[in-house]
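A.B. asks:
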Amino acid sequence: MKLEVFDPPMCCSTGVCGTDIDPVLPRFAADLEWLRTQGINIERYNLAQQPGLFVANEKVKAALHEEGDSCLPLILVDGQIISRSAYPERAVLADYAGIKVPTGSADAVGARRSLNVLPSASKCC
248 MKLEVFDPPM CCSTGVCGTD IDPVLPRFAA DLEWLRTQGI NIERYNLAQQ PGLFVANEKV
308 KAALHEEGDS CLPLILVDGQ IISRSAYPER AVLADYAGIK VPTGSADAVG ARRSLNVLPS
368 ASKCC
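Structure below.
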């Protein structure tokens, strides 16, 4: 299984830099790292740093053409878009990956966080 994240333009690969960090970004980075520890292959791309990868993927290219960068972040699992315009919670990511988040653990608590905030490129660095 391969999970790909196509992020909006950010100054660094995770957007976790500068003084005004969107709290969703470090949480999402931690969730991706947790998935890696569960054996999931994860690739993450930043529009500002790797635009060629966005146009090389036909589904991502089509979404950008139809919706502009408001569709970002796009999350793909095995080449299929499964999420757009928001960073899913850990429990949702785990579900996509076919993994259970242990109940009562710090992982489960982290999975219940609300994610209504989208990153803003202007907030980074």
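All letters in the sequence shown, in the order written, are residues 248 to 372 by the numbering used here.
Think of the CB as a built atom: it goes at the ideal place given N, C-alpha and C, for glycine as much as any other residue.
Remember, predicted model here, so these are calculated numbers, not experimental data.
1. For the structure I just gave you, are there three or more beta carbon pairs, one from the stretch 268 to 285 and one from the stretch 322 to 338, closer than 8 Å?
2. Can you give me the start and stop residues for the alpha helix (DSSP H) that residue 325 sits inside?
3. Measure the alpha-carbon distance for residue 412 versus residue 251 and round it to whole angstroms.
4. Which residues does DSSP pair with residue 249 in a beta bridge?
5. Relative to the alpha-carbon of residue 340, which residue among 298, 296, 283, 255 has its alpha-carbon at the smallest distance?
6. Apply the 10 Å Cβ neighbour rule to residue 325 and answer buried if 16 or more other Cβ atoms are within range, or exposed otherwise.
C.D. replies: Taking the coordinates as given:
1. Counting C-beta pairs closer than 8 Å gives three or more between the stretch 268 to 285 and the stretch 322 to 338, which meets the contact rule.
2. Working through the sequence shown from its first residue, we reach residue 325 at position 78. Neither: residue 325 is in no alpha helix (DSSP H) and is coded neither H nor E.
3. Because the chain spans 248 through 372 in this model, residue 412 falls outside it and cannot be assessed.
4. Walking along the sequence shown from the start, residue 249 turns up at place 2. According to the DSSP secondary-structure assignment, residue 249 is paired through a beta bridge with 288.
5. Your numbering for residue 340 matches position 93 in the sequence shown. Nearest neighbour of residue 340 by Cα position, chosen from 298, 296, 283, 255, turns out to be 283.
6. What you label residue 325 is simply residue 78 of the sequence shown in a count that begins at 1. With fewer than 16 Cβ atoms within 10 Å of its Cβ, residue 325 is classed as exposed.
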